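Q:
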Amino acid sequence: MFEVVQEAGGGYCAECPTDNIFTAGDTWQQLRQNPLEAAAAFYFYQPRRERVRLRLIRDEIFSVA
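In our numbering, the protein residues as written are -4 to 60.
#1: Relative to the C-alpha of Asp14, which candidate in Glu55, Gly20, Val47, Trp23 has its C-alpha closest?
#2: Over the uninterrupted alpha helix (DSSP H) stretch that includes Phe17, give me the two end residues.
#3: Rank Phe37, Arg43, Glu10, Gly6 by C-alpha distance to the C-alpha of Met(-4) and give the top, closest one.
#4: For the stretch -4 to 54, which segments carrying the alpha helix (DSSP H) assignment without a break, of at least 4 residues, lie completely within its bounds, in sequence order?
#5: Taking the C-alpha atoms as reference points, what is the distance between Leu49 and Pro42?
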């Protein structure tokens, strides 16, 4: 599973905390492909993963007056 954070300046960063795999993308569509490639490179000598889970983490601050 990759935890995804949207950067303030645009784009997305993704991290797989259990395997220390990091990747990024300028758009959500680009980010959806990058973790597959990053996992394939990390697990080069193992069978390729066909699915990757992305978990978008989003913080929101709002007033409740």
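In this text, a Cβ means the ideal position worked out from N, Cα and C, and glycines have one as well. In this text the structure is predicted, and so the values were computed from the model without any measurement.
A: According to the data block:
#1: Val47
#2: Segment 16 to 20 is the beta strand (DSSP E) holding Phe17; no alpha helix (DSSP H) there.
#3: Glu10
#4: 23 to 37
#5: Near 20 angstroms, if we compare the C-alpha coordinates of Pro42 and Leu49.
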